[in-house]
Amino acid sequence: MKKIALIGSTGSVGRQVLEVVRNNSGFRIVSLTAHVNAGLLKKQIAEFNPQVACLTGGGSFSPVSGEKLYFGENFALEAVTDDADVVFVAVTGFAGLKVVLRAIEKGKTVALANKEALVCGGELVMNLAAAKGVEIIPVDSEHSALWQALNFRKSGYKKLILTASGGPFRTANLREMRHFSAKDALKHPNWKMGRKITVDCATMLNKGFEVIEAHRLFNAPTDKIEVVVHPQSIIHSMVEFEDNSIIAQMSYPNMAQPIQTALTYPEKLPTPLPSLDLIKLGKLEFFPLDHKKFPCFDIALNSLKSGDNFPCAMNAASEVAVNAFLGGKIAFTSIAEVIAEVLSETERIFPDLEGLEHTDAVSRVRAAEVIKKFSE
Ligand code: NDP
Ligand code: MG
Numbered sequence: 012m013k014k015i016a017l018i019g020s021t022g023s024v025g026r027q028v029l030e031v032v033r034n035n036s037g038f039r040i041v042s043l044t045a046h047v048n049a050g051l052l053k054k055q056i057a058e059f060n061p062q063v064a065c066l067t068g069g070g071s072f073s074p075v076s077g078e079k080l081y082f083g084e085n086f087a088l089e090a091v092t093d094d095a096d097v098v099f100v101a102v103t104g105f106a107g108l109k110v111v112l113r114a115i116e117k118g119k120t121v122a123l124a125n126k127e128a129l130v131c132g133g134e135l136v137m138n139l140a141a142a143k144g145v146e147i148i149p150v151d152s153e154h155s156a157l158w159q160a161l162n163f164r165k166s167g168y169k170k171l172i173l174t175a176s177g178g179p180f181r182t183a184n185l186r187e188m189r190h191f192s193a194k195d196a197l198k199h200p201n202w203k204m205g206r207k208i209t210v211d212c213a214t215m216l217n218k219g220f221e222v223i224e225a226h227r228l229f230n231a232p233t234d235k236i237e238v239v240v241h242p243q244s245i246i247h248s249m250v251e252f253e254d255n256s257i258i259a260q261m262s263y264p265n266m267a268q269p270i271q272t273a274l275t276y277p278e279k280l281p282t283p284l285p286s287l288d289l290i291k292l293g294k295l296e297f298f299p300l301d302h303k304k305f306p307c308f309d310i311a312l313n314s315l316k317s318g319d320n321f322p323c324a325m326n327a328a329s330e331v332a333v334n335a336f337l338g339g340k341i342a343f344t345s346i347a348e349v350i351a352e353v354l355s356e357t358e359r360i361f362p363d364l365e366g367l368e369h370t371d372a373v374s375r376v377r378a379a380e381v382i383k384k385f386s387e
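According to the working numbering, the sequence shown is numbered sequentially starting from 12.
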């Protein structure tokens, strides 16, 4: 029986983790956390009987099934319980970093959906994981695909090829981009996900995040990571080897596969996913990424080149800018402008946890000021 601490159980990934647990007898949930969705958290507690549950964004309630309850911002850390075998980090945003670090400090295997932990604090996380001998298991579909193609190793490749669907605006022209609304950006052609990552797919910031994530997880220099637009989202990513052969991992786009693999590897167990109908699919296409139309991609990569706390500032600015866009305060194309402006004023700070928390806080304030200036 594998005991899972699930951080962010009410989100898109979190709910799919629970679906995998429902469909397999080998897992038990030992803790659950949500930010504001107390209603769903209570239902999940009643169904899964965890020992611990936390609500981090305000509000409180009485125990549902004898669990220990924690309320308040830092209490997601209480969900990293001593008896958990795996800490599944499915929260969105910078909030994931501290939980990931706590899990590693406690020597727990981490199943990582929260890419922001690696974008903001990649060096810190990977160094601590190496020092503690802790495994970071990729959950993001592209990184899971690379890891599966590498036969559950993180080395032995010549090149890592990340696929990108291209998002809802793949075929739009440059002039149209400014006028897309939140509703347009939230219509992802292939995946149903949380709002932040869905908008990040529309700007292609997500693919920039994923290059950083691959760089950290697979210790890959960025010139060994290539991105190709593949609108069908059937190939989730590919590994090229020294003999120039490529292994691709394919399935219909559905997070059940990478989530379950993270929990069962090296075994592959049945999922509710249908077999791929290759004849019906007919063709798989590949295109280059349009850097002009999607400036967020280069902004993310340049923040990695700047190093230290710059990717963390980039992430904080993106969280604030995407919120402002979703709230109708700024145009779609201003997301990139806000992030670039915040980065242009970012001061270099040593990226330990304190430095990153400071960077995150300062960059959020600065992003809000830039947004205010834009909307005047
Ligand atoms: P959602 O927005 O759907 O869910 C986020 C979860 O985190 C919810 O449980 C939410 O609680 C909780 N949460 C939100 N803010 C905070 C906070 N400040 N502190 C603590 N908990 C918080 O996101 P997704 O499930 O889509 O994404 C989760 C992570 O996985 C992200 O890092 C994303 O990039 C990554 N990912 C997602 C994929 C997907 O298919 N969705 C695919 C690949 C990666 P509440 O519901 O109460 O607000
Ligand atoms: Mg992905």
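For glycine and all other residues, C-beta sits at the position ideal for the given N, C-alpha and C. None of the values given here were measured: they were computed from a predicted structure.
Beta bridge counterpart(s) of residue i as assigned by DSSP
i, result
"P362", "Bridge partners of P362: none, in fact."
"Q260", "S248"
"E237", "I172"
"I389", "Since the displayed the chain opens at 12 and closes at 387, residue 389 lies outside it and no answer follows."
"F99", "L17, A122"
"F390", "This structure leaves residue 390 out entirely; the chain is present only between 12 and 387."
Extent of the continuous beta strand (DSSP E) run through residue i
i, result
"L171", "170-175"
Expected contact under 8 Å - CB spacing of residue i and residue j to nearest Å
i, j, result
"F86", "I15", "Contact flag wrong, Cβ pair sits at about 18 Å."
"A196", "F385", "Contact doesn't hold; Cβ gap of about 17 Å is too wide."
"L173", "E153", "5 Å"
"V121", "V145", "7 Å"
"V240", "F298", "4 Å"
"M325", "L354", "6 Å"
"C131", "L112", "Contact doesn't hold; Cβ gap of about 11 Å is too wide."
"I350", "A379", "About 13 Å separates the two Cβ atoms, so there is no contact after all."
"A90", "I40", "No, A90 and I40 are not in contact; Cβ-Cβ is about 11 Å, not under 8 Å."
"E237", "K169", "With 8 Å as the limit, E237 and K169 do not qualify as a contact, their Cβ atoms being about 11 Å apart."
"I208", "L129", "So it is not a contact: roughly 14 Å between Cβ atoms."
"T97", "G69", "It is worth fixing the name first, because residue 97 is Val in this sequence and not Thr. Their Cβ separation, rounded to whole angstroms, is 28 Å, which puts V97 and G69 out of contact at 8 Å."
"S71", "F82", "5 Å"
"P401", "S155", "With the chain running from 12 to 387 in the structure shown, residue 401 is simply not present."
Run of the alpha helix (DSSP H) containing residue i, from where it starts to where it stops
i, result
"T272", "267-275"
"A327", "321-337"
"A122", "Here A122 belongs to no alpha helix (DSSP H); instead the beta strand (DSSP E) covers 120-123."
"E116", "107-116"
"V130", "127-143"
"E352", "345-355"
"H9", "Because the chain here runs from 12 to 387, residue 9 falls outside it and cannot be looked at."
"A311", "306-317"
"K291", "289-292"
8 Å Cβ cutoff, residue i in contact with chain C
i, result
"A324", "Considering every chain present, this structure includes no chain C. It has just one protein chain."
| request: Return the chain-ordered ranges of every alpha helix (DSSP H) run that is complete within the segment 12-97 and spans a minimum of 4 residues. | output: Listed in chain order, they are 23-34, 49-59.
| task | May I have a chain-ordered list of the alpha helix (DSSP H) segments no shorter than 4 residues that lie completely inside the segment 149-205? | result | Within the segment 149-205, the alpha helix (DSSP H) runs of at least 4 residues that lie entirely inside it are, in chain order, 152-160, 193-196.
| said: Would you call the segment 291-300 in contact with the segment 331-345, where contact means no fewer than 3 C-beta pairs closer than 8 Å? | reply: Fewer than three beta-carbon pairs drawn from the segment 291-300 and the segment 331-345 are found closer than 8 Å, and the two stretches are therefore not classed as touching.
| task | Give a yes or no on contact between the segment 336-353 and the segment 243-250, applying the rule of three or more CB pairs nearer than 8 Å. | result | No contact exists between the segment 336-353 and the segment 243-250.
| Do the segment 176-185 and the segment 270-279 make contact, defined as three or more Cβ pairs closer than 8 Å? | By the criterion of at least three beta-carbon pairs nearer than 8 Å, the segment 176-185 is not in contact with the segment 270-279.
| request: Could you say if the segment 107-118 and the segment 132-152 meet the contact criterion of at least three C-beta pairs nearer than 8 Å? | output: They touch, by the three-pair rule.
| query | Any chance the segment 199-217 sits against the segment 128-141, with 3 or more Cβ pairs inside 8 Å? | reply | No, they do not touch.
| request: Give a yes or no on contact between the segment 355-363 and the segment 207-227, applying the rule of three or more CB pairs nearer than 8 Å. | output: Touching, no, given that fewer than three Cβ pairs across the two stretches are closer than 8 Å.
| task | Assess, as a yes-or-no matter, whether the segment 24-35 is touched by the segment 73-81 under the definition of 3 or more beta carbon pairs within less than 8 Å. | result | No, the segment 73-81 is not in contact with the segment 24-35.
| task | Check whether the segment 41-49 touches the segment 57-75, counting contact only when three or more Cβ pairs, one atom from each stretch, lie closer than 8 Å. | result | Touching, yes.
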